[in-house]
Ligand SMILES: [Zn+2]
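Residue numbers (our numbering): 4 to 227.
This is the structure we're talking about:
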């Protein structure tokens with residue numbers, strides 16, 4: 004034994020264990036720890052993101068949306084204003100608007116919402132709007148027709164680069180997540196989104212949330 008090292012103290016070498024075996028052991032420990040890491044799952048109701056041009060058209064030129072409360076992702080907020088979604092088969096009044104303004108307007112629906120409105124919204128990653136569905140938006144002050152922008156948001160996890168390292172995943176990865184609701188379910192194809200601007204949370208819509216027996220505070224784990 005190294006005379007500098009008292010029993011129980013780490014000398015940087017493990018007697019009787021080769022470097023290869025040690026690597027294997029560390030790999031197993033890391034894998035075991037990663038299996039136990041979890042994150043909060045948040046259910047997102049239907050909502051709209053608006054461009055500057057569309058805020059002008061729906062609320063009046065130069066109108067500033069009101070920040071009513073902050074959301075889990077830094078800088079994102081729920082607005083006090085509401086908008087009606089008008090489809091060929093039905094309308095959804097009082098739909099939430101999330102700020103801040105975006106370059107392109109985007110409407111995020113559940114498949115149930117889309118069916119109710121009578122629109123064919125594709126499942127898409129946020130921002131991937133080419134060929135997505137059109138829809139009419141209305142407020143007491145104005146009305147617009149979005150040529151595209153209506154999607155069913157792909158289930159996703161927001162992470163910082165530090166979280167991604169901990170979970171052993173990278174931006175753009177697709178993973179399977181067990182959501183531990185009252186009727187637990189594994190959701191596949193969950194998009195990993197990594198940015199220093201994010202905070203750790205998984206986002207699903209209410210169709211998915213109900214399927215898992217979701218209640219606030221439910222956690223998700225990545226299935227390896
Ligand atoms: Zn999200």
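Beta carbons: idealized from backbone N, C-alpha and C, even for Gly.
Remember, predicted model here, so these are calculated numbers, not experimental data.
Would you check if the distance between the CB atom of residue 154 and the CB atom of residue 46 is smaller than 8 Å? no
For residue 223 versus residue 181, is the C-beta distance shorter than 8 Å? yes
Alpha carbon to alpha carbon, how far is residue 21 from residue 29? 12 Å
Quick one: using the 10 Å Cβ neighbour count with 16 as the cut-off for buried, is residue 7 buried or exposed? With a pLDDT of only 49 at residue 7, under 50, the local geometry of the prediction cannot be trusted, and the value read off the model is given with reservation. So residue 7 ends up on the exposed side.
Among the candidates 39, 101, 94 and 194, whose CA atom is the shortest distance from the CA of residue 76? 101
Looking at the unbroken alpha helix (DSSP H) that takes in residue 35, where does it start and where does it end? 22–39
How about residue 161: is its Cβ closer than 7 Å to a heavy atom in ligand 1? yes
6 Å Cβ shell around residue 57 - same chain, five flanking residues per side excluded: 108 and 147
In angstroms with no decimal places, state the Cα-to-Cα distance between residue 121 and residue 151. 15 Å
Just the Cα atoms here: how many angstroms apart are residue 174 and residue 116? 29 Å
Only counting the same chain, and skipping five residues up and downstream in sequence, which positions put a Cβ closer than 7 Å to that of residue 90? 120, 121, 122 and 138
So what's residue 117 in DSSP terms, helix, strand or just coil? helix
Going by DSSP in three states, residue 141 sits in which element: helix, strand or coil? strand
To the nearest angstrom, report how far apart residue 221 and residue 136 are at their CA atoms. 31 Å
If you draw a straight line from the C-alpha of residue 226 to the C-alpha of residue 60, how long is it? 45 Å
What span of residues does the beta strand (DSSP E) with residue 111 cover, start to end? 109–111
I need the DSSP call for residue 222, collapsed to helix, strand or coil. strand
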